Amino acid sequence: LREPSGDRARLWTALRPHVEYAEFPGPIARIELELAGLTAESARQQSLFQEQTRRREQLDEMVRHLKVRFGTSPVARVVAVEPWHRLPERRFALLDYDP
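Oh and the sequence shown: position 72 is 53 in the numbering used here, straight run, nothing missing.
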């Protein structure tokens, strides 16, 4: 997690892909969870554009989870490479979206 969180749903969302897609050599009899870096949640500056910020953070978090699940980022963004080129496929390129 980039920011401290006490929200169980958010913590489970971060842990779930690691548990679901892990390869285990055999049956599991016991699981231990060790938590490190525990801190008190500090105050946060509120944004004028809180909804946009929240949506961007959700997108970044989901892309990170998909990257853990699939090994590479399944989301791309369009960037201008040669905007003056006469062929549209040479004007733009897709780059992995890496939050």
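Glycine included, each C-beta is placed from N, C-alpha and C at the ideal position.
These numbers come from a predicted model, not from an experiment.
For residue i, which residues does DSSP report across the bridge?
| i | result |
| --- | --- |
| ALA74 | VAL60 |
What does the alpha-carbon distance come out to for the pair residue i and residue j?
| i | j | result |
| --- | --- | --- |
| HIS46 | PRO(-15) | 17 Å |
| ARG35 | LEU(-4) | 20 Å |
| VAL49 | ALA3 | 11 Å |
| GLY(-13) | PHE30 | 23 Å |
| ARG71 | TRP65 | 9 Å |
| VAL60 | PHE51 | 23 Å |
| ASP77 | VAL44 | 10 Å |
| PRO6 | PHE73 | 45 Å |
| LEU(-8) | GLU1 | 14 Å |
Since residue i is in the alpha helix (DSSP H), which residue starts that stretch and which ends it?
| i | result |
| --- | --- |
| TRP65 | Where TRP65 is concerned, there is no enclosing alpha helix (DSSP H), given that its DSSP letter is neither H nor E. |
| PHE51 | 31 to 51 |
| GLU1 | -11 to 1 |
May I ask you to report which of helix, strand or coil DSSP gives residue i?
| i | result |
| --- | --- |
| PRO8 | coil |
| PRO80 | coil |
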